[in-house]
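In the numbering used here, the protein residues as written are 372 to 793. Notes for the one structure printed next.
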RNA sequence: GGAGAAAUGGCAGAGUGGUCGAACGCACUGGUCUUGAAAACCAGCGUACCGCAAGGUACCGGGGGUUCGAAUCCCUCUUUCUCCGCCA
């Protein structure tokens, strides 16, 4: 959520930035400010009452010490009223805080300076396109290739669990494992510390990265233990830094980690969910960075080129989109999407999304660093997929298919131990 | 899963109802001294909110309660440790 002090400091600017999402947030912003005013006034009033009541308590203590029991008991009467007053003010303060939070939760991140205005994906800017569309002599979609070479069994997953939980086997499983290991090694080479996070998180973590309270429907929830299956490694990895004050000199902090991701994807159906396009369980390697506020947009560009280099090394044709305000995720200030060409489906598949959240996540996480003035300041957070496995698998299978088999990208061969799938 | 013990500032560790937001030590920061460093000495050193400031308020694992007053008493949850059981 946005920092209320940022909103107060530049109300007009924030409203203008938010307007790039194709919606007017003036009312919500005004509501937030007026609730914050009420909050401040109530707090002030309550502090005064408490201050007086503390003073009286100390006097009573003194009187007891001097054995002036009568006088002490007489003073007790005066505190009753104050107590009632302060607890009423306390209730009111809590109510205002809750209301303010509720309003702030409804305001998305303010898009960054470079983000174009727009309402939907049609307003996104194509930054660049890299590579040539492959010239295929056969054009089987990946689900047919999976069946032909016995790589991924979707039916079997349905039997064991349900739709969207495929079974990878043989060279399919090995290719997937090769990709994961290669991604992690590339991450390490680029200075990211490797993390193996928990796959279930508690409520506090869900709130920290913004999945809760609004989007709980998208996560699998284990009610017995009140734990949530992670929808992305971003959740546990970013929550490492919840309630943490890092050293300024340690920034940027770079983490990467592989994890399965679990998404209920309620409401998805049709051709979008065919094959590997949309799953309930899939694997992803995530990169996360904590940045100094002055450096975060530089790091966003770094992350974008890092991801692009992975795609280049794999030999995939891709394009980079700068998302317009309306298509930028709720928590993000600026997002690049990387899409890979799927040669048989003849469509672009989103394989990565790298975002700068500025202080939006850090605010909820209470992730700060001590600046040179000794003041605590909110850090910026960034993250991106590097990369999500299923659609990479799909495009490798489709784009590198030949009548004699699927040619494995060279960088993966040492990892999987075969050059061709036939 | 059963029985018991514990949770205090970056660390360590006092404090069992009233000048305790919290001793002492270590670490850290600034200063004196020194050619420089170490040592020694002096000073500072948690977080958040309100306030122009002075100052005020809250926080001793989380939440609730008792009391004029809670780090301290009570309830509850969580976590850690020890023993038993089970187990990759």
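No residue lacks a Cβ here, since even glycine has one placed at the ideal position from N, Cα and C.
Residue environment, residue i, which counts as buried when at least 16 other CB atoms sit within 10 Å
i: residue 752; result: buried
i: residue 440; result: exposed
i: residue 397; result: exposed
i: residue 718; result: exposed
i: residue 351; result: No information on residue 351 is available, as it lies outside the stretch 372 to 793 that the chain covers here.
i: residue 817; result: The question about residue 817 has no answer, for the chain in this structure spans 372 to 793.
i: residue 744; result: exposed
i: residue 603; result: buried
i: residue 537; result: buried
i: residue 660; result: buried
i: residue 710; result: buried
i: residue 567; result: exposed
i: residue 457; result: buried
i: residue 495; result: buried
i: residue 531; result: exposed
i: residue 550; result: buried
i: residue 380; result: exposed
i: residue 595; result: exposed
i: residue 783; result: buried
i: residue 768; result: buried
i: residue 433; result: exposed
i: residue 358; result: Past the edges of the chain, shown from 372 to 793, lies residue 358, and the structure says nothing about it.
i: residue 600; result: buried
Under 8 angstroms between C-beta atoms of residue i and residue j
i: residue 540; j: residue 552; result: no
i: residue 687; j: residue 766; result: yes
i: residue 548; j: residue 788; result: no
i: residue 431; j: residue 443; result: yes
i: residue 613; j: residue 581; result: no
i: residue 570; j: residue 478; result: no
i: residue 770; j: residue 505; result: yes
i: residue 610; j: residue 720; result: no
Inter-residue spacing [alpha-carbon to alpha-carbon] between residue i and residue j
i: residue 481; j: residue 619; result: 25 angstroms
i: residue 703; j: residue 583; result: 16 angstroms
i: residue 735; j: residue 517; result: 43 angstroms
i: residue 656; j: residue 450; result: 59 angstroms
i: residue 410; j: residue 654; result: 44 angstroms
i: residue 591; j: residue 646; result: 21 angstroms
i: residue 652; j: residue 459; result: 49 angstroms
i: residue 436; j: residue 402; result: 50 angstroms
i: residue 587; j: residue 576; result: 12 angstroms
i: residue 523; j: residue 515; result: 10 angstroms
i: residue 406; j: residue 412; result: 10 angstroms
i: residue 727; j: residue 623; result: 13 angstroms
i: residue 461; j: residue 487; result: 44 angstroms
i: residue 714; j: residue 625; result: 34 angstroms
i: residue 408; j: residue 475; result: 14 angstroms
i: residue 707; j: residue 674; result: 10 angstroms
i: residue 786; j: residue 760; result: 15 angstroms
i: residue 448; j: residue 414; result: 24 angstroms
i: residue 574; j: residue 635; result: 17 angstroms
i: residue 738; j: residue 791; result: 47 angstroms
i: residue 392; j: residue 665; result: 24 angstroms
i: residue 561; j: residue 689; result: 21 angstroms
i: residue 793; j: residue 489; result: 46 angstroms
i: residue 773; j: residue 507; result: 7 angstroms
i: residue 417; j: residue 429; result: 18 angstroms
i: residue 764; j: residue 543; result: 9 angstroms
i: residue 621; j: residue 519; result: 50 angstroms
i: residue 733; j: residue 742; result: 15 angstroms
i: residue 698; j: residue 671; result: 18 angstroms
i: residue 678; j: residue 382; result: 35 angstroms
i: residue 589; j: residue 525; result: 22 angstroms
i: residue 617; j: residue 528; result: 43 angstroms
Rounded distance between the beta-carbons of residue j and residue i, thought under 8 angstroms
i: residue 454; j: residue 491; result: Not confirmed; about 55 angstroms, so no contact.
i: residue 658; j: residue 563; result: 6 angstroms
i: residue 762; j: residue 722; result: 5 angstroms
i: residue 400; j: residue 375; result: Wrong, their Cβ atoms sit about 10 angstroms apart, outside the cutoff.
i: residue 598; j: residue 572; result: 7 angstroms
i: residue 662; j: residue 534; result: Going by Cβ atoms, the distance from residue 662 to residue 534 rounds to 39 angstroms, so no, they are not a contact pair.
i: residue 668; j: residue 384; result: With a Cβ gap of about 17 angstroms, residue 668 and residue 384 do not count as contacting.
i: residue 729; j: residue 740; result: At roughly 14 angstroms, the Cβ-Cβ gap does not stay under 8 angstroms, so residue 729 and residue 740 are not in contact.
Near the ligand MN: residue i beta-carbon under 7 angstroms from a heavy atom
i: residue 623; result: With respect to the ligand MN, the structure shown offers nothing to examine, as it has no ligands at all.
Would you say the region 546-560 touches the region 617-635, given that touching needs at least three Cβ pairs under 8 angstroms? yes
Does the count of Cβ pairs from the region 449-468 and the region 375-392 closer than 8 angstroms reach three? no
Is the number of C-beta pairs between the region 695-702 and the region 754-761 that are closer than 8 angstroms three or more? no
Quick test of the definition: if touching needs 3 or more C-beta pairs under 8 angstroms, does the region 497-510 touch the region 675-691? yes
Count the CB pairs spanning the region 778-792 and the region 689-700 that are closer than 8 angstroms, and state whether there are at least three. no
Given 8 angstroms as the limit, is there contact between the region 503-514 and the region 412-422, that is, 3 or more CB pairs closer than that? no
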